[in-house]
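Numbering (our numbering), first residue to last: 553 to 737. Right, one structure below, let's go through it.
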């Protein structure tokens, strides 16, 4: 049975992903060159990512059962897919290619090892995980839900996972970009 503890870079990536995000946010705002059009387009794209994360948070029962319903019937990692779409939206809103490149590098360096580590943990915890992996792609969603129960969204799970923080963070990001646009003229 494989180890369920992250090792090497995935262990480091797991620990630094949140602090690194705050550091990147400072660099992001320094380099951002927003316009109202790009803020609007970026915010609309980010809203799609937020909706995916919200739907996933309302289905996942972390460490209690293998979640295969809702967005998890389309992709094994809807929370990371949502985060990627949010990052894409804010990369566009920044109107700076260096920011977009930085987001891609951060995703590849941080989130892919974390995803692999989490999947190893799930493989060790849930007997049906390998079968689930055969039916559902890691990140890019399938067009039709994989078999299994439909499940239903739980507002209680959504609140317990505090996914509303993503909404608050996105609103603050848009407000900060708008403030930079207004006050840097």
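Note that beta-carbon positions come from the ideal geometry of N, C-alpha and C, so glycine has one too.
{"Check": "Given 8 Å, three or more beta-carbon pairs between the stretch 640 to 659 and the stretch 583 to 596", "Outcome": "yes"}
{"Check": "Contacting residues, own chain, Cβ-Cβ under 6 Å from residue 631 (five flanking each side not counted)", "Outcome": "605, 608"}
{"Check": "Candidates 576, 656, 676, 715, of which the one nearest residue 617 by Cα", "Outcome": "676"}
{"Check": "Spatial distance of residue 643 from residue 598 (CA atoms)", "Outcome": "10 Å"}
{"Check": "8 Å Cβ cutoff met for residue 737 and residue 688", "Outcome": "no"}
{"Check": "Cβ neighbours of residue 713 in the same chain (closer than 6 Å, five flanking residues each side left out)", "Outcome": "609"}
{"Check": "Cβ-based burial, residue 680 [other Cβ within 10 Å; buried from 16]", "Outcome": "exposed"}
{"Check": "Assumed close pair residue 611, residue 709 - CB separation to whole angstroms, cut-off 8 Å", "Outcome": "7 Å"}
{"Check": "Residue 626 (DSSP reduced to helix, strand or coil)", "Outcome": "coil"}
{"Check": "Extent of the continuous alpha helix (DSSP H) to which residue 683 belongs", "Outcome": "681 to 687"}
{"Check": "Touch test, the stretch 561 to 577 against the stretch 664 to 675, Cβ-Cβ under 8 Å, three pairs minimum", "Outcome": "yes"}
{"Check": "Residue range of the alpha helix (DSSP H) that includes residue 666", "Outcome": "664 to 677"}
{"Check": "Buried or exposed (CB count within 10 angstroms, at least 16 for buried), residue 699", "Outcome": "exposed"}
{"Check": "Terminal residues of the alpha helix (DSSP H) in which residue 562 lies", "Outcome": "560 to 583"}
{"Check": "Endpoints, alpha helix (DSSP H) assigned at residue 603", "Outcome": "588 to 609"}
{"Check": "Cβ distance (whole Å) where residue 621 is taken to contact residue 721 below 8 Å", "Outcome": "The Cβ separation is near 26 Å, so there is no contact."}
{"Check": "Exposure of residue 715, with buried meaning 16 or more beta-carbon neighbours within 10 Å", "Outcome": "buried"}
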